[in-house]
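These notes are about the structure you will find just below.
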Amino acid sequence: MTEYDVDFFISLIEERPVVWDTSNEDNKNKFIKQEAWKNVCKSLFPNFEEKENNEKTKLGRSLNEDQVIQLLGDGNLSDVDEFEDDDDDIQPCVLEDIFTEAEPEPQLLTALEPENIPGSSQPTSRPPSRKRVWKQVPFEDRSHDYAPLPVTPVKTPMEYFADYFDREFFDEIARCTNMYHHRKTGQELKLTSVEISRVFAIHIIIGCIPYPRIPMYWRGIGNWR
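Take the sequence shown: its position 203, counting from 1, is numbered 203 in UniProt numbering, and each next residue is one higher.
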């Protein structure tokens, strides 16, 4: 290949790290690596796709990895030569002169000593803090105009229950139950609100008093009235 072809070949290889970069994840994939080589051959050799398989293999083997490494490492093809002339302009290191010039004068060192620096003297003593002393004195209530709290008598349990389940509630349950029974059977049930309230009372007693057997509730109902 000519020098122009070599430069073009190197540019094609650099554009495809999968061919030469072993740290690339696709470098170990044989199929992807082979496709990358085919794309390089298509760009270098005209009518590469029209050639026979044995000719493609021959052209592909001519571009082996050793040749790639050799071309990439060839200093004659590098652009470093453009910067070689700049190396002659580097000045020698003059660190010794710099350290000599940076040494402070004895008078300056004396002026920078702690006792000569303003504000570096010993800290001034703070005035003693005043300690708070608590005294125990009788409490004096101030005059106020608060309105007295209203005093209401305590309700009985039945009165509290009636706040949530009043007589109208049980009347409505009895009325709806009678209507449902008459529509289903054609007969009057004649259920009253008192009977409904007793059913509620039985459920409350069973829920509050844990007897192990149901008949024990019927035997004790007379004692709960």
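Beta carbons: idealized from backbone N, C-alpha and C, even for Gly.
Option nearest residue i by Cα separation, candidates the options
i, options, result
"E172", "P148, S129, S197", "S197"
"N178", "K28, P157, P210, T192", "T192"
Residue i, buried or exposed, once every other Cβ within 10 Å from all chains shown has been counted against 16
i, result
"A162", "exposed"
"A147", "exposed"
"W37", "buried"
"V154", "exposed"
"G207", "exposed"
"V151", "exposed"
"F170", "buried"
"D86", "The predicted model places D86 with a pLDDT of 46, which falls under 50 and marks its position as unreliable, so this point remains unresolved."
Contact test: residue i Cβ vs the ligand GDP heavy atom, cutoff 8 Å
i, result
"G186", "Although the ligand GDP was asked about, the structure shown includes no ligands whatsoever."
Inter-residue spacing [alpha-carbon to alpha-carbon] between residue i and residue j
i, j, result
"I214", "A201", "15 Å"
"T205", "P138", "The sequence shown places Ile at residue 205, not Thr. About 54 Å."
"Y217", "Y211", "7 Å"
"K42", "K30", "18 Å"
"I209", "K190", "31 Å"
"G220", "R142", "59 Å"
"E25", "V40", "19 Å"
"Q34", "S23", "17 Å"
"L149", "E168", "33 Å"
"H203", "T185", "26 Å"
"D166", "T156", "14 Å"
"S125", "V133", "24 Å"
"E159", "C176", "25 Å"
"Q136", "D145", "28 Å"
"H181", "Y164", "26 Å"
"E140", "P128", "34 Å"
"P17", "E49", "23 Å"
"E15", "I32", "14 Å"
Unbroken alpha helix (DSSP H) run spanning residue i, endpoints
i, result
"E172", "167-185"
"R198", "193-208"
"D163", "157-164"
Check whether residue i and residue j have beta carbons under 9 Å apart
i, j, result
"A174", "E188", "no"
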